[in-house]
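Residue numbers (the numbering used here): -3 to 307. We treat Cβ as the ideally placed atom computed from N, Cα and C, and that holds for glycine. As the structure is a prediction and not an experimental result, all values here were calculated from the model.
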Ligand code: NDP
């Protein structure tokens, strides 16, 4: 079968399109014929070596396809090796795709949608009227987090770069801030009369962290869930003391650690897609062999919405 392989971590050129043996499933595993692959920032971290994996490896954490043995339509996330025509996946990680949802939408929704879900429903379960900041609000995880935060009745401050501001606006954000030219902290403090927000969902990291921390209100939460701008340097815990802030560094794996939790979250996510309360934006579809191009687009901030690779 054809697959992308990384033999040595590095830039996008490390993603080689090669012929590899078709894998075979062991006990408790399924062979999935892949129809659509979701591209995520975590794939960049695997490729570059920021999150090291033993080499050689096939990157990719998410896909939708068909179980070879049963014909069932499934989607999964948080399992390495999806940049390929086939993948072996532990059965407990597979979620059945509802009939009304196509494979591309499922692949586009799973990892980032489940992330938006745990952030807004579990890490800090937003309630009506609470103020929240969502950074990179035109991005994959960001746009879905804005939509879910709005559905829970939050007041959403959404940040994005200049050309992408229409996306959080369309998703119902209450105040959209261009964080490349405006000071989001100042704007948030003005609008909250100095109180700050209940929660900041920060996937940008290095360039936003300090101001995110300063924007959290009394006993509020800073959920640092990514670092698209770079890794945040070590933090002195006494910086949390000013307002009794909770700092967390969550991962989707922590919020889908059992089959029951995975299925409950996925059920919620797919019902939002089916009843059209959640809008999944597919920015571009590229052939699997163009994985390097997909990574270049993601890393150069050229995307708004989801990138898919099609085997
Ligand atoms: P996005 O679609 O959000 O793409 C990244 C976005 O970050 C860019 O489009 C850009 O938006 C913004 N950004 C700001 N500064 C930079 C920079 N210097 N370089 C590149 N991008 C920048 O990607 P994802 O939704 O896939 O992931 C976002 C982050 O969240 C990643 O760090 C990812 O690992 C993490 N993540 C974590 C999860 C978890 O459970 N912990 C799960 C899912 C994602 P703009 O141009 O508007 O600034």
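With hydrogens ignored, establish whether the beta-carbon of residue i is closer than 8 Å to any heavy atom of ligand 1.
i: residue 138; result: yes
i: residue 221; result: yes
i: residue 107; result: yes
i: residue 300; result: yes
i: residue 3; result: no
i: residue 257; result: no
i: residue 189; result: no
i: residue 111; result: yes
i: residue 218; result: no
i: residue 295; result: yes
i: residue 89; result: no
i: residue 307; result: no
i: residue 79; result: no
i: residue 44; result: no
i: residue 94; result: no
i: residue 38; result: yes
i: residue 176; result: yes
i: residue 242; result: no
i: residue 248; result: yes
i: residue 200; result: yes
i: residue 135; result: yes
i: residue 192; result: no
i: residue 7; result: no
i: residue 253; result: no
i: residue 116; result: no
i: residue 160; result: yes
i: residue 308; result: Since the first and last residues shown for the chain are -3 and 307, residue 308 lies out of range.
i: residue 66; result: no
i: residue 157; result: yes
i: residue 41; result: yes
Tell me which same chain residues have a C-beta within less than 7 Å of the C-beta of residue i, skipping the five on either side of it?
i: residue 227; result: 201 and 202
i: residue 118; result: 251
i: residue 15; result: -2
i: residue 288; result: 8, 9 and 11
i: residue 96; result: 270
i: residue 235; result: 209
With a threshold of 6 Å on Cβ separation, who are the neighbours of residue i within its own chain once the five nearest residues in sequence on each side are excluded?
i: residue 120; result: 195 and 217
i: residue 3; result: 51 and 52
i: residue 19; result: 84
i: residue 138; result: 130 and 132
i: residue 111; result: 137 and 248
i: residue 185; result: none
i: residue 168; result: 146
i: residue 197; result: 115, 130, 141 and 219
Could you give the distance in angstroms between the alpha-carbon of residue i and the alpha-carbon of residue j?
i: residue 152; j: residue 129; result: 6 Å
i: residue 126; j: residue 162; result: 23 Å
i: residue 230; j: residue 222; result: 15 Å
i: residue 8; j: residue 157; result: 23 Å
i: residue 105; j: residue 34; result: 8 Å
i: residue 30; j: residue 61; result: 4 Å
i: residue 339; j: residue 32; result: Within the shown structure, residues of the chain are numbered from -3 to 307, placing residue 339 beyond reach of any answer.
i: residue 103; j: residue 209; result: 33 Å
i: residue 63; j: residue 307; result: 16 Å
i: residue 224; j: residue 44; result: 13 Å
i: residue 293; j: residue 281; result: 12 Å
i: residue 204; j: residue 276; result: 25 Å
i: residue 286; j: residue 295; result: 15 Å
i: residue 150; j: residue 159; result: 25 Å
i: residue 211; j: residue 17; result: 51 Å
i: residue 268; j: residue 143; result: 10 Å
i: residue 6; j: residue 233; result: 33 Å
i: residue 246; j: residue 65; result: 35 Å
i: residue 177; j: residue 183; result: 12 Å
Excluding the 5 residues preceding and the 5 following residue i in the sequence, name in chain order all residues of the same chain whose CB lies nearer than 8 Å to its CB.
i: residue 36; result: 57, 58, 107, 108 and 136
i: residue 317; result: Here the chain covers residues -3 to 307 and nothing more, so residue 317 does not appear.
i: residue 244; result: 119, 217, 218, 219 and 220
Assuming residue i and residue j make a contact with CB atoms under 8 Å, what is their CB distance in whole Å?
i: residue 265; j: residue 113; result: 6 Å
i: residue 261; j: residue 240; result: With a Cβ gap of about 29 Å, residue 261 and residue 240 do not count as contacting.
i: residue 115; j: residue 155; result: The pair is not a contact, with the Cβ atoms about 15 Å apart (cut-off 8 Å).
i: residue 79; j: residue 55; result: 5 Å
i: residue 270; j: residue 94; result: 6 Å
i: residue 304; j: residue 148; result: Actually they are not in contact, since the Cβ atoms of residue 304 and residue 148 sit about 28 Å apart, beyond 8 Å.
i: residue 145; j: residue 164; result: That pair is no contact at about 11 Å.
i: residue 291; j: residue 40; result: 6 Å
Looking at ligand 3, does it come within less than 8 Å of residue i, judged from the CB to the closest heavy atom?
i: residue 75; result: Summarising the ligand content, the structure contains ligand 1 and does not contain ligand 3.
Any C-beta of chain C sitting closer than 9 Å to the C-beta of residue i?
i: residue 275; result: The structure shown contains no chain C; it is built from a single protein chain.
Checklist entry - If we count Cβ pairs, one from each stretch, closer than 8 Å, do we get three or more for the region 12 to 30 versus the region 87 to 98? => result Yes, they touch.
Checklist entry - Looking at C-beta atoms only, is the number of pairs between the region 287 to 301 and the region 173 to 191 that lie closer than 8 Å three or more? => result Contact between the region 287 to 301 and the region 173 to 191 is absent, with fewer than three C-beta pairs closer than 8 Å.
Checklist entry - Any contact of the region 72 to 79 with the region 159 to 177, i.e. 3+ C-beta pairs under 8 Å? => result no
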